[in-house]
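There are 2 protein chains.
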Amino acid sequence: MLDLAILGLLSEHEFHGYEIRKRLRDELGLFANISFGSLYPALSRLELSGAVIGTESSPAAPPAAPIPLTGSLGGERAALRSRRAGAARSTTRGTKRSRKVYRITDTGRRVFEELLAGEEPVGTDEARSFGLRLAFARHLAPQARLGLLERRRDQLIRRLAADQARAAAGNDFDSYTRSLVEHTTEATQHDISWLDSLIESEKLKQAAPRTDSRTSRTVGTGSAAVKGTEL
Amino acid sequence: MLDLAILGLLSEHEFHGYEIRKRLRDELGLFANISFGSLYPALSRLELSGAVIGTESSPAAPPAAPIPLTGSLGGERAALRSRRAGAARSTTRGTKRSRKVYRITDTGRRVFEELLAGEEPVGTDEARSFGLRLAFARHLAPQARLGLLERRRDQLIRRLAADQARAAAGNDFDSYTRSLVEHTTEATQHDISWLDSLIESEKLKQAAPRTDSRTSRTVGTGSAAVKGTEL
DNA sequence: CGTTGATATATCGGATTGATATATCGTGTC
DNA sequence: GACACGATATATCAATCCGATATATCAACG
């Protein structure tokens, strides 16, 4: 769960520990809210196993791509600051503090793909796990991607059955518990509708071999599809 | 989180370990899906601290402590074995297997109320924690109950703000991540609406000092209130 | 009569969190 | 210009919890 998030982020760009956590938290919210207490051991683990390579970022470190990506909140702002402070700008930006930048290896990419395509956990944090995988679903083969969506749908169907059994059998619930169960059931139904629309879009996209290979817009905004499939 | 669930269940009836897990899982689903690996240590912990009392359920077991709680697990197990081998099947047919029935103490009730009224965690399983507390909310004073609902609402408002910030700033998301963020945002809004209806019902109930002290029906079935408060 | 599945308790390793410690740097403030 | 404060950055720790596993009994079924 944790290695998946780290490797997924590092598969796009190199980062140091603090920023890995920051990015995952800011971009994926509760789906990848990892703590330092698990991040740093995980990075050490991944480095030992050869999935990532950590490099000390000392002032004379001009590695590959500095920060070519988009927003890069912390990095660009830090670079801006140090540049304005005067000293830097000649070599690279003023490394404000010792940090260790992690880069993914080919082994790491293989591990990432295995984790992403591997078995999803069932139980407590299945929702977190699915959200995390969906956030990296673009790295999956279309076939595996559809499988991910459908397995999650099955999971939710089973959960809905359990919810409804609870609501039906447990008539001795007090009003708060009853409201909780009702609300949970509705939320699960909503999740299923959402997945239905995702699956439909995915099938359409795979059926039509358009060269529109970029992120097709039909997936994200399909509120009409959601309404249409409503239970 | 775990002690709260156990004590909450035991505050209504006495149960043995296996059934504690079964009940919590069947009635509260994901909100209290505790495993044996945490249940039995928790029960031992609670027994040591005097919050619960465990009694061996053998056919002729007077309520006084049969085995004077030597903490040593092996010792108790040995005693159990010998007892079962010796006085097996004298009378009462029902006892299918040796089990340890746990009963809550006055201390345990105090601990339970403290846990229930205490600080909610923020972070990963705040939803679980809230659901669990809501399931036992009838044990709270009306004042504290309203506070629980409002604190949860504030939490969700903050989460919604974070979700919307994500959706606004992160335009470089791929379609899957974008859909995930959108869906999460909608779910959070739905949760807030639900809490609004709960809070409204609660305030109404507290404003009207009806002697209708039983679980008022207006909370659980308030789908009209939900619709009315929809965003 | 044997095998399966539910009941029942217990332990272990591993993953993860939250808290805490340490240190540097930028910024606002008085 | 002193100085606190918050953000950056890495690291470690105890505590918690889960999933898997082991062991054992018993009912039901063919």
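Chains as they are written, first to last, in this note's numbering: chain A, 13 to 243; chain B, 13 to 243.
For each residue, glycine too, the CB sits at the ideal point set by N, CA and C.
As the structure is a prediction and not an experimental result, all values here were calculated from the model.
Once DSSP output is grouped into helix, strand and coil, what is the label at residue i?
i, result
"glutamate 138 of chain A", "helix"
"histidine 25 of chain A", "coil"
"glycine 66 of chain B", "strand"
"arginine 111 of chain B", "coil"
"isoleucine 204 of chain B", "helix"
"isoleucine 116 of chain B", "strand"
"serine 191 of chain B", "helix"
"leucine 216 of chain B", "helix"
"aspartate 186 of chain B", "coil"
"phenylalanine 124 of chain B", "helix"
"leucine 152 of chain B", "coil"
"serine 47 of chain B", "coil"
"glycine 41 of chain A", "helix"
"proline 133 of chain A", "coil"
"serine 56 of chain B", "helix"
"arginine 209 of chain A", "At residue 209 of chain A the sequence reads serine, which differs from the arginine that was named. Looking at serine 209 of chain A - three-state DSSP - the assignment turns out to be helix."
Closest Cβ-Cβ distance between residue i and chain B: below 8 Å?
i, result
"aspartate 49 of chain A", "Note that residue 49 of chain A corresponds to glycine in the displayed sequence, not to aspartate. Not one chain B Cβ lies under 8 Å of glycine 49 of chain A."
"alanine 147 of chain A", "yes"
"glycine 120 of chain A", "no"
Kindly list, in the order they appear in chain B, the residues whose Cβ is closer than 8 Å to that of residue i.
i, result
"glycine 20 of chain A", "Chain B residues near glycine 20 of chain A: none, gap ~11 Å exceeds 8 Å."
Drop a sphere of 10 angstroms on the beta-carbon of residue i, count the other beta-carbons inside from all chains shown, and report buried for 16 or more, exposed for fewer.
i, result
"histidine 25 of chain B", "exposed"
"isoleucine 32 of chain A", "buried"
"valine 64 of chain A", "buried"
"lysine 215 of chain A", "exposed"
"glutamate 126 of chain B", "exposed"
"arginine 170 of chain A", "exposed"
"serine 213 of chain A", "buried"
"arginine 101 of chain A", "Unreliable positioning characterises arginine 101 of chain A in this predicted model, as indicated by a pLDDT of 34, which lies under 50. A coordinate reading is not provided."
"leucine 16 of chain B", "buried"
"glycine 130 of chain A", "exposed"
"alanine 54 of chain B", "buried"
"valine 134 of chain A", "exposed"
"phenylalanine 43 of chain A", "buried"
"phenylalanine 48 of chain B", "exposed"
"glycine 66 of chain B", "buried"
"glutamate 68 of chain A", "exposed"
"lysine 217 of chain A", "buried"
"histidine 28 of chain B", "buried"
"glycine 143 of chain A", "buried"
"proline 71 of chain A", "Per-residue confidence for proline 71 of chain A stands at a pLDDT of 42, beneath the threshold of 50, marking its modelled position as unreliable; the derived number appears in the next sentence. The residue is exposed, with fewer than 16 neighbouring Cβ atoms inside 10 Å."
"leucine 60 of chain A", "exposed"
"alanine 173 of chain A", "exposed"
"glycine 159 of chain A", "exposed"
Taking C-beta pairs closer than 9 Å, name the residues in chain B that residue i reaches, listed in chain order.
i, result
"glycine 41 of chain A", "Arg171, Ala174, Asp175, Arg178, Val193 and Thr196"
"arginine 150 of chain A", "Asp186, Ser187, Tyr188 and Thr189"
"histidine 202 of chain A", "His195, Glu198, Ala199 and His202"
Using a Cβ-Cβ distance under 8 Å, would residue i count as near chain A?
i, result
"leucine 81 of chain B", "The predicted model places leucine 81 of chain B with a pLDDT of 29, which falls under 50 and marks its position as unreliable, so this point remains unresolved."
"arginine 210 of chain B", "The sequence as given places leucine at residue 210 of chain B; arginine does not occur at that position. Interface residue, yes."
"glycine 159 of chain B", "no"
"glycine 143 of chain B", "yes"
"alanine 97 of chain B", "Residue placement at alanine 97 of chain B is poorly supported in this model, since its pLDDT is 37, which falls under 50; the coordinates still yield a value, given next. Taking Cβ atoms only, chain A never reaches closer than 8 Å to alanine 97 of chain B, which makes this a no."
Which chain A residues sit within Cβ distance under 8 Å of residue i?
i, result
"alanine 129 of chain B", "By Cβ distance, chain A contributes nothing, its closest Cβ being about 15 Å from alanine 129 of chain B, past 8 Å."
So residue i contacts chain A; which residues on that side make the cut at Cβ distance below 7 Å?
i, result
"glycine 135 of chain B", "Asn45"
Can you find a heavy atom of the ligand FMN that lies under 7 Å from the Cβ of residue i?
i, result
"serine 191 of chain B", "What this structure holds is no ligand at all, so the ligand FMN is not there to describe."
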